[in-house]
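Peer 1:
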Amino acid sequence: MNFLTLIISAFVYCYRFIRFSFRNFFNAVAYAFINYFSFSGRATRSQFWYFFLFCILLYLFTLSVSIEGLEEVISNADSSQESSREILTYLLT
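Under our numbering, the letters of the sequence shown match residues 33 to 125, in that order.
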């Protein structure tokens, strides 16, 4: 086996693994939202952890968006007279 076939087989294996993992991830998130208010039955361990990972990623996304918005409010508040009121309004909404 030469080096090129080794690299190609590694990429094929990784592609199959990643494709399978993403399919499981999205299926687990969909299953969680479909059965969110159904209190009968159980989810598998992988479904639980995939949904937990989804929640953490969603939290990090919203945190990054809110930090960017807060930076914009602070920069606009520095040039205006009502800086504390604008910052407080942004933080409360």
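Beta carbons: idealized from backbone N, C-alpha and C, even for Gly.
Around the C-beta of residue 83, are 16 or more other C-beta atoms found within 10 angstroms, so that it is buried, or is it exposed?
Peer 2: Buried is the call here.
Peer 1: Under 8 Å between the Cβ atoms of residue 78 and residue 56?
Peer 2: Contact: yes.
Peer 1: Let me check understanding here. Comparing Cα to Cα, which of 37, 97, 80, 39 lies closest to residue 58?
Peer 2: Answer by Cα proximity: 80.
Peer 1: Am I right that residue 86 and residue 61 are in contact with their C-beta atoms under 8 Å? What's the rounded C-beta distance?
Peer 2: Right, their Cβ atoms sit about 5 Å apart.
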